[in-house]
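Be aware that the sequence shown starts at 0, since it is given in our numbering, and climbs by one per residue. We treat Cβ as the ideally placed atom computed from N, Cα and C, and that holds for glycine. Following: one structure in structure tokens, then a few remarks.
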Amino acid sequence: MTELVLDKRRLAWADVTGRRPVGVERLGERGGFELIALTALFAGSERLWGLAPKRRVSRMSPEEMQRLFERHREAEAARDFDAILSTFVENCFLETHPLGLRSEGRAAARSAYEAYFTAFPDLAPDDEGVAFGKDVMVVWGTLRGTSGGDWVGVPPSGRSFAVPFANVTPFRDGLMEGESIYFDLATLCDQASLPLDEVRAGAKARAEALSSATGG
């Protein structure tokens with residue numbers, strides 16, 4: 000895995016994966032959050048925006064974040080939901096930007112993980128690069144899986160996909176505060192032969208249900 004360390008300044012371009020140029024920027028604060036931009040991770044030099052909670056005084060070193068994240072990845076690979084959740088703070092979040100879905104709290108995050116691994120039983124991220132900031136970690140690579148179960152109300156196709164992805168993970172109190180996940184939904188659906196409009200409609204209904212459950 001290639002390592003790129005972030006600081007407060009805009010980073011220079013770097014070919015960190017050997018295939019795709021990657022730019023990561025820290026652009027200041029907005030409403031108590033830090034604004035992070037990921038540029039040219041995907042075709043067309045798209046810029047993706049992510050909000051990470053404003054850093055507190057306590058800091059984790061890149062090595063500490065890396066060790067915890069590797070423990071998290073190992074738990075995901077083992078489908079050990081208790082071990083996955085143990086890497087998060089209690090009031091964690093799991094945010095899937097292409098679907099407009101955000102699950103808050105360990106119980107909701109567990110349900111989201113169970114849903115993903117039901118929809119894609121062999122789901123596996125191939126981490127190819129990582130960048131560190133102050134209590135924040137960005138990982139990118141290729142997300143692979145096969146449609147093997149219901150996904151937001153859409154039946155499985157049995158087809159596989161391999162799409163670029165990025166994760167933005169803030170840390171707090173020695174644990175992961177949450178994950179914000181980015182990938183191109185249209186490309187995933189095209190490769191997996193899933194109806195894009197139905198997936199978007201199902202995700203919208205799921206988001207509305209989550210909002211109602213939390214009083215949003």
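Given a cut-off of 7 Å on the beta-carbon distance, is the pair residue i and residue j in contact?
| i | j | result |
| --- | --- | --- |
| Ala-206 | Gly-99 | yes |
| Phe-170 | Glu-176 | yes |
| Arg-101 | Phe-87 | no |
| Phe-160 | Ala-118 | no |
| Gly-147 | Pro-154 | no |
| Arg-109 | Phe-80 | yes |
| Phe-182 | Val-198 | no |
| Asp-126 | Val-135 | no |
Taking DSSP's pairing of strands, which residues face residue i in a bridge?
| i | result |
| --- | --- |
| Phe-182 | Phe-164 |
| Met-136 | Phe-131 and Thr-168 |
| Ser-159 | Thr-145 |
| Glu-103 | Phe-92 |
| Asp-125 | Thr-141 |
To which residues of the same chain is residue i closer than 7 Å at the C-beta, ignoring the five residues directly before and after it?
| i | result |
| --- | --- |
| Ala-202 | Leu-98, Gly-99, Leu-100 and Val-151 |
Just to confirm the assignment, what range does the beta strand (DSSP E) spanning residue i have?
| i | result |
| --- | --- |
| Thr-95 | 87–95 |
Between which residues of its own chain and residue i is the CB-CB distance below 6 Å, once the five residues before and five after are set aside?
| i | result |
| --- | --- |
| Ser-211 | none |
| Thr-145 | Asp-121 and Ser-159 |
| Ala-123 | Arg-143 |
Mind checking which residues open and close the alpha helix (DSSP H) that includes residue i?
| i | result |
| --- | --- |
| Arg-70 | 61–77 |
| Phe-80 | 80–84 |
Tell me which same chain residues have a C-beta within less than 8 Å of the C-beta of residue i, skipping the five on either side of it?
| i | result |
| --- | --- |
| Leu-195 | Leu-184, Ala-185, Cys-188 and Asp-189 |
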